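With my numbering applied, the sequence shown corresponds to residues 56 to 142, in that order.
Glycine residues also receive a C-beta, built at the ideal position from the N, C-alpha and C atoms.
Please read all numbers here as calculations on a predicted model, not as lab measurements.
Down below is the structure, laid out as structure tokens.
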Amino acid sequence: MKVIQVGMGGMGNAWLNAVTASPNVTYAGFVEVNDAIAEAQAGKYGLDGGVIFQTLTEALDRVEADGVINVTPPQFHKAVSVAALEA
């Protein structure tokens, strides 16, 4: 299964640990609005910078994914979830 993770900071770090440890799930892309967090996590996990996007719309347009992991702050959950479901 290929997924896009939205949010790489805070709880996103826990999801990065869990997903990278799973043999059944791989990352198709990431969405992170904070460049410093994106760069730090990309370095820590050896992620390809070409798969880190600023918006979910951009990620959905550029990569194939089976699902979205929404690890955004609560006030952003609805918008991200609706965008993922409508894709």
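Boundaries for Ala83: no alpha helix (DSSP H) harbours it, while the beta strand (DSSP E) harbouring it runs Thr81 to Val86, taken from the DSSP string. Within its own chain, the residues whose Cβ lies closer than 8 angstroms to the Cβ of Leu102, once the five positions on either side in sequence are excluded, are Tyr82, Phe85 and Gln96, listed in chain order. Glu141 and Asn72 have their C-alpha atoms roughly 28 angstroms apart. In this model, Glu119 and Lys57 are separated by some 8 angstroms (Cα to Cα). Relative to the Cα of Val106, the nearest Cα in the group Arg117, Tyr100, Thr112 and Lys99 belongs to Arg117.
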